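K.L.:
Attaching a single structure in structure tokens format; questions to follow.
Protein chains: 2
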Amino acid sequence: MCEDQKTSRLLLDQITDKWTILILTVLCKGPLRFNKIKRNMDGITQKSLTQCLRRLERNGIVCRRVIPTSQVGVEYSITPLGRTLETPFQALYRWALDYSSDVSQAQEDFDRRNVG
Amino acid sequence: MCEDQKTSRLLLDQITDKWTILILTVLCKGPLRFNKIKRNMDGITQKSLTQCLRRLERNGIVCRRVIPTSQVGVEYSITPLGRTLETPFQALYRWALDYSSDVSQAQEDFDRRNVG
DNA sequence: CAGAATCCTCAAAGATACTG
DNA sequence: CAGTATCTTTGAGGATTCTG
Chain A
440 MCEDQKTSRL LLDQITDKWT ILILTVLCKG PLRFNKIKRN MDGITQKSLT
490 QCLRRLERNG IVCRRVIPTS QVGVEYSITP LGRTLETPFQ ALYRWALDYS
540 SDVSQAQEDF DRRNVG
Chain B
440 MCEDQKTSRL LLDQITDKWT ILILTVLCKG PLRFNKIKRN MDGITQKSLT
490 QCLRRLERNG IVCRRVIPTS QVGVEYSITP LGRTLETPFQ ALYRWALDYS
540 SDVSQAQEDF DRRNVG
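Listed in order, the protein sequences are those of chains A and B.
Going by the numbering used here, the letters in the first sequence line up with residues 440 to 555, in that order.
Going by the numbering used here, the letters in the second sequence line up with residues 440 to 555, in that order.
Below, the structure written as structure tokens:
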């Protein structure tokens with residue numbers, strides 16, 4: 440396996456984790472503050488979200504901006520580089536919506552065959 | 440968060456795991472036997488590969504076929520449902536290849552900013 | 001050859017408390 | 001509000017052995 444493949448695999452691992460797709464999906468609609476994102480995620484812990492956003496920021500996919508308000512505020516937005524992920528992610532997301540029933544059916548069939 | 444979103448999120452988790460994209464990528468080129476796949480993966484253990492293939496089979500994405508030879512043989516091939524994932528996955532894979540250098544650059548910049 | 005079964009480890013996620 | 005810090009837990013994955 441060549442270097443290119445290793446590098447891109449590492450990258451794939453980083454962008455296809457549990458939360459990234461969902462975070463990017465909501466951020467594509469517009470900038471959001473930390474807790475707003477958290478509320479959109481349903482089930483993510485504050486720690487996981489922080490870690491994920493840090494990695495996305497480090498990879499140049501989201502931008503972190505501190506808002507100078509009376510209360511501390513941090514706004515996350517998608518970068519131009521992050522935008523390039525919009526289409527691939529939408530395709531995946533749409534796939535999941537379009538084919539979820541087919542997959543469910545396949546699962547039922549499989550389980551029926553492998554009962555006993 | 441509505442049911443559709445939960446379902447598709449579960450599905451997304453299942454198809455965006457560490458190995459699925461790579462396995463589907465090689466199987467798209469043609470059917471392969473277990474150990475052939477394993478050799479293509481570089482780093483996967485037999486256990487992980489088995490688990491992954493089982494899940495893909497259960498989800499109707501790959502087909503498992505026992506070949507009646509002198510030596511036991513099992514061939515895995517992609518299903519029509521699995522084929523529908525080819526385009527989304529290719530888009531992702533191509534993204535990783537196209538933008539890996541941009542991401543690397545972003546990482547360097549980030550790390551430089553956050554050193555001292 | 002293609003797994004199943006077992007044991008084991010360690011890294012990731014969760015819970016909780018604290019803070020600029 | 002948006003985190004950091006610390007501790008604990010759990011379970012996914014690795015190593016190894018065995019088998020139809």
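Glycine included, every Cβ here is placed at the ideal spot set by N, Cα and C.
If you're wondering where the values come from, they're calculated on a predicted model, not measured in any experiment.
Would you mind sorting P507 of chain B into buried or exposed? The rule is 16 or more other CB atoms within 10 Å of its CB.
P.N.:
Residue numbering aside, residue 507 of chain B sits at position 68 when the second sequence is read from its first letter. The residue is exposed, with fewer than 16 neighbouring Cβ atoms inside 10 Å.
K.L.:
Closest to L449 of chain B by CA distance: which of A:S516, A:L524, A:W458 is it?
P.N.:
Counted from its first residue, the second sequence places residue 449 of chain B at position 10. Nearest of A:S516, A:L524, A:W458 to L449 of chain B, Cα basis: A:W458.
K.L.:
Under 8 Å, Cβ to Cβ, is there at least one residue of chain B near V505 of chain A?
P.N.:
Against the first sequence, residue 505 of chain A aligns to sequence position 66. No, no contact with chain B.
K.L.:
Nearest-angstrom Cα distance between E442 of chain A and Q510 of chain A?
P.N.:
Your numbering for residue 442 of chain A matches position 3 in the first sequence. Your numbering for residue 510 of chain A matches position 71 in the first sequence. Their backbone Cα atoms lie some 47 Å apart in a straight line.
K.L.:
Among B:T455, B:Q444, B:T446, B:Q546, which has the Cα closest to the Cα of F528 of chain B?
P.N.:
In the second sequence, the residue the question calls residue 528 of chain B occupies position 89. Minimum Cα distance to F528 of chain B is reached at B:T455.
K.L.:
Is the shortest distance between the beta-carbon of P557 of chain A and the beta-carbons of chain B less than 8 Å?
P.N.:
Since the first residue of chain A shown is 440 and the last is 555, residue 557 of chain A is not available in this structure.
K.L.:
Is there a Cβ from chain B that is less than 8 Å from the Cβ of Q485 of chain A?
P.N.:
For this step, residue 485 of chain A is matched to residue 46 along the first sequence. Not closer than 8 Å to any Cβ of chain B, the Cβ of Q485 of chain A fails to qualify, so no.
K.L.:
Can you tell me where the beta strand (DSSP E) with V465 of chain A in it begins and where it stops?
P.N.:
Taking the first residue of the first sequence as 1, we reach residue 465 of chain A at position 26. First-last for V465 of chain A: 459–466, but that is the alpha helix (DSSP H), not the beta strand (DSSP E).
K.L.:
Which residue wins for smallest C-alpha separation from L524 of chain B, given the options B:V554, B:R472, B:T489, B:V501?
P.N.:
By one-based count along the second sequence, residue 524 of chain B stands at place 85. Taking only the C-alpha atoms, the option nearest L524 of chain B is B:V501.
K.L.:
Closer than 7 Å to a non-hydrogen atom of the ligand MN - does that hold for the CB of L492 of chain B?
P.N.:
Here there are no bound small molecules, and the ligand MN is not part of this structure.
K.L.:
To test your reading of the DSSP string, which unbroken beta strand (DSSP E) runs of 3 or more residues are found completely within the region 470–514 of chain A?
P.N.:
Correct list: 501–506.
K.L.:
Can the beta-carbon of G512 of chain B be found closer than 8 Å to that of R478 of chain B?
P.N.:
Residue mapping note: residue 512 of chain B aligns to position 73 of the second sequence, counting from 1. Residue mapping note: residue 478 of chain B aligns to position 39 of the second sequence, counting from 1. The answer is no: Cβ separation not under 8 Å.
K.L.:
So the alpha helix (DSSP H) D550 of chain B belongs to, where does it begin and stop?
P.N.:
Your numbering for residue 550 of chain B matches position 111 in the second sequence. Run containing D550 of chain B: 525–552, per the alpha helix (DSSP H) assignment.
K.L.:
At a Cβ threshold of 8 Å, is I517 of chain B touching chain A?
P.N.:
On the second sequence, residue 517 of chain B is found 78 positions in, with the first residue counted as 1. Cβ-Cβ to chain A under 8 Å: no for I517 of chain B.
K.L.:
Applying a beta-carbon distance threshold of less than 8 Å, which residues of chain B neighbour T460 of chain A?
P.N.:
Residue numbering aside, residue 460 of chain A sits at position 21 when the first sequence is read from its first letter. Before going further, note that residue 460 of chain A is Ile rather than Thr in the sequence given. Per Cβ cutoff of 8 Å: L451, T455.
K.L.:
Whose C-alpha, out of A:L536, A:R494, A:W534, A:Y532, is nearest the C-alpha of Q546 of chain B?
P.N.:
To locate residue 546 of chain B, count along the second sequence from 1; it is residue 107. If we check each option's Cα against that of Q546 of chain B, A:R494 comes out closest.
K.L.:
So the alpha helix (DSSP H) D443 of chain A belongs to, where does it begin and stop?
P.N.:
Mapped onto the first sequence, residue 443 of chain A falls at position 4. Looking at the DSSP string, the run of the alpha helix (DSSP H) that includes D443 of chain A is 442–454.
K.L.:
Taking Cβ-Cβ distances shorter than 8 Å, what residues in chain A pair up with F473 of chain B?
P.N.:
Taking the first residue of the second sequence as position 1, residue 473 of chain B is located at position 34. Under the 8 Å cutoff, chain A gives no residues; its nearest Cβ is about 18 Å from F473 of chain B.
K.L.:
Determine, using beta carbons only, whether L536 of chain A comes closer than 8 Å to chain B.
P.N.:
The residue you call residue 536 of chain A lines up with position 97 of the first sequence. At least one chain B Cβ lies under 8 Å of L536 of chain A.
K.L.:
Closer than 7 Å by beta-carbon distance: list the chain B residues that pair up with S539 of chain A, in chain order.
P.N.:
The residue you call residue 539 of chain A lines up with position 100 of the first sequence. Residues of chain B passing the Cβ test: T446, S447, L450.
K.L.:
From B:G482, B:T446, B:T489, B:V505, pick the residue whose C-alpha is nearest to that of Q444 of chain A; which is it?
P.N.:
For this step, residue 444 of chain A is matched to residue 5 along the first sequence. The residue with the shortest Cα to Cα distance from Q444 of chain A is B:G482.
K.L.:
Of the residues B:Q544, B:D541, B:N553, B:A535, which one's Cα is nearest the Cα of D452 of chain A?
P.N.:
Walking along the first sequence from the start, residue 452 of chain A turns up at place 13. Closest option to D452 of chain A, Cα to Cα, is B:A535.
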